[in-house]
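Peer 1:
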Amino acid sequence: MAVIYLDNNATTRVDPRVVEAMLPFFTESFGNASSTHDYGAAIAPALKDARKQVQALLGAEFDHEVVFTSGGTESDTTAIFSALETAPGRNEIVTSSVEHPAVLNVCQNLERLGRARVHYIGVNASGDLDLDAFRAALSDKTALVSIMWANNETGKIFPVAELAALAKAVGALFHTDAVQAFGKLDMSLKDTGVDLLSLSGHKIHGPKGVGALYVRKGVKLSPLFRGGKQERGRRAGTENVPGIVGLGAAAALAHQTLAADSARVKALRDRLETGLLAAIPLSRINGGGDGRLPNTCNISFDYADGEAILHKLDQAGVAASSGSACASGSMEPSHVLRALNIPPFALQGAIRFSLSRETSESDIAKVLAVLPEIVADVRGKSPLWVEVRPSQVA
Ligand SMILES: Cc1ncc(COP(=O)(O)O)c(C=O)c1O
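Numbering (the numbering used here), first residue to last: 3 to 396.
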């Protein structure tokens, strides 16, 4: 049975054209960019091209603003540590309560170590940031504001240009975790005040274990990894050349078809949501409305067990998730959905479908065909549903 893969916010299939671009860099062109012989010299143009491809998709001004890393987690960590180190006299971070653990756990650890004071700004039921609390948290002690461009669980998009301007006004750096936004939105980065931005290859049909940190020209970066002089001394370690070439190729492919892909994927996502809401009583979109990534649908089926639904979907050949990949399996309700304050009877029954340019109409039709029965079946076995809700549905 061919699996219908609707977990693209967790990771994507590597595009075969990306694999093709990477292959020569494992065998023929395997050199080290730092070597002076011909094998090494052959690498530099490939790295340069990849940097330009990433820069183009970001809408950044200069290619040397792109520093290659091992992925979103390393980029986030680098940005946060660097901001604290390069802002003497400032030790506060302003972030949100719905960030990915790659930001939240770093912040919590810095607090534990006594190295930073962190303000976690909440969101309302639609997932919008509490702007009053955000403004109130900013001060001349703020070293860094770190707010994600788009949320991985709900797809909610944050107003990064506006937030960056507010950060600037108090002299703080602005970082955004754009791991989910990169390749899905037109970013036009040079028109924003973003100083630091994290992105990752494996969310855009590129390879895992490679990403980048955008560092706006003129912003000081204190490297997380110290050693060799790679990446202009900003990230030591022999470059992951095949990975970087793959990231560049994936960025170039995403750039070519971004507008058309977004529109098509959004239409499919909307069809999925409309169909599910109509067919399944007591279902709700979490953090919905406009201003969302076109590919993401986070939906709750009240009084149902999300893990049981996922298991049955899996058996029916559909892969989805019950929150962020890191949260699923732990049975802990997602910190993002808790921050949205959705009622407890909706928390456990949340499912995330995340589409990609590879999603087809028939994939969506299949989910619409199987899910109503799965939810009814799972609810039928839930004592909570049997006792509390049966009067609500025919
Ligand atoms: C918003 C966000 N930030 C950071 C990461 C971590 O990226 P990586 O897997 O490349 O380390 C992810 C991955 O799920 C993510 O969704």
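Note that the Cβ used here is the ideal one computed from N, Cα and C, for glycine as well.
1. Compute the Euclidean distance between the alpha carbons of residue 179 and residue 377, then round it to the nearest angstrom.
2. Quick check: is any heavy atom of ligand 1 less than 8 angstroms from the C-beta of residue 10?
3. Would you report the Cα separation of residue 195 and residue 316, rounded to the nearest angstrom?
4. Give the DSSP bridge partners of residue 91, in chain order.
5. Per DSSP, what kind of secondary structure is residue 146 in: helix, strand or coil?
6. Does the beta-carbon of residue 189, which I'm using as the reference point, lie nearer than 8 angstroms to any heavy atom of ligand 2?
7. Check for me: the alpha helix (DSSP H) holding residue 165 runs from which residue to which?
8. How do the segment 196 to 203 and the segment 68 to 81 stand: do at least 3 beta-carbon pairs fall below 8 angstroms, yes or no?
9. Given this structure, state the Cα-to-Cα distance separating residue 326 from residue 273, to the nearest angstrom.
10. Rounded to the nearest angstrom, how far is the Cβ of residue 321 from that of residue 59, given a contact under 8 angstroms?
11. Let me confirm a value: residue 5 is counted as buried when at least 16 other C-beta atoms fall within 10 Å, else exposed. Which label applies?
12. Could you tell me whether any non-hydrogen atom of ligand 1 is closer than 8 angstroms to the CB of residue 69?
13. Span of the alpha helix (DSSP H) holding residue 134?
14. Where does residue 401 fall in DSSP's three states?
15. Evaluate residue 396 with the Cβ neighbour count: other Cβ atoms within 10 Å of its Cβ, from every protein chain shown; 16 or more gives buried, anything less gives exposed.
16. Quick one, are the C-beta atoms of residue 351 and residue 311 less than 9 angstroms apart?
17. Which whole runs of the alpha helix (DSSP H) in the segment 308 to 361 are 4 residues long or more, in chain order?
18. Where does residue 64 sit, in a helix, a strand or coil, going by DSSP?
19. What residue range is occupied by the uninterrupted alpha helix (DSSP H) comprising residue 41?
20. Using a 10 Å radius around the Cβ and a threshold of 16 neighbouring Cβ atoms, would you call residue 189 buried or exposed?
21. I'd like to check one pair, residue 373 with residue 280: are the Cβ atoms closer than 9 angstroms?
22. Shorter than 9 angstroms from the beta carbon of residue 94 to some beta carbon of chain B?
23. Can you tell me the Cα-Cα spacing of residue 161 and residue 126, whole angstroms?
24. Does the pairing of the segment 109 to 122 with the segment 42 to 57 give three or more beta-carbon distances under 8 angstroms?
25. For residue 27, which residues does DSSP report across the bridge?
26. Do you know how far the Cα of residue 283 is from the Cα of residue 214?
27. Using DSSP with H/G/I as helix, E/B as strand and the rest coil, what is residue 214?
28. Within 10 angstroms of the Cβ of residue 115, are there 16 or more other Cβ atoms? Answer buried if so, exposed if not.
29. Residue range of the beta strand (DSSP E) that residue 120 falls in?
30. Count the other CB atoms, across all protein chains shown, that sit within 10 Å of the CB of residue 37; report buried if there are 16 or more and exposed otherwise.
31. Could you tell me which residues DSSP pairs with residue 158 in its beta bridges?
32. Beta-carbon within less than 6 angstroms of residue 318's beta-carbon, same chain only, minus the 5 sequence neighbours each way: which residues are those?
33. Measure the beta-carbon distance from residue 84 to residue 223 and round it to whole angstroms, keeping in mind my assumption that it falls under 8 angstroms.
34. Keeping to the same chain, check which residues put their C-beta closer than 6 angstroms to that of residue 183; ignore five residues upstream and five downstream.
35. Among the residues of its own chain, which have a CB less than 8 angstroms from the CB of residue 226, if the five just before and after it don't count?
36. Going by DSSP, name the residue or residues bridged to residue 300.
Peer 2: Once the coordinates are examined:
1. 34 angstroms
2. no
3. 43 angstroms
4. Paired residue(s): none; residue 91 is not in a bridge.
5. strand
6. Inclusion of ligand 2 in the displayed structure is not the case, the ligand content consisting of ligand 1 alone.
7. 162 to 171
8. yes
9. Below a pLDDT of 50, predicted positions are generally treated as unreliable, and residue 326, at 46, falls in that range; the measurement from the model is reported next regardless. Those two C-alpha atoms are separated by around 23 angstroms.
10. Contact flag wrong, Cβ pair sits at about 26 angstroms.
11. exposed
12. no
13. 133 to 139
14. Since the first residue shown for the chain is 3 and the last is 396, residue 401 is missing from the structure and cannot be characterised.
15. For residue 396, the pLDDT reaches just 49, beneath the cut-off of 50, and the residue's location in the model is therefore unreliable, leaving the point undetermined.
16. yes
17. 308 to 317, 337 to 341 and 346 to 349
18. coil
19. 40 to 43
20. buried
21. no
22. Within the model displayed, chain B is absent; a lone protein chain is all it includes.
23. 15 angstroms
24. no
25. Bridge partners of residue 27: none, in fact.
26. 43 angstroms
27. strand
28. exposed
29. 119 to 123
30. exposed
31. 294
32. 372
33. 5 angstroms
34. 151 and 152
35. 76, 79, 80, 83, 84 and 237
36. 354
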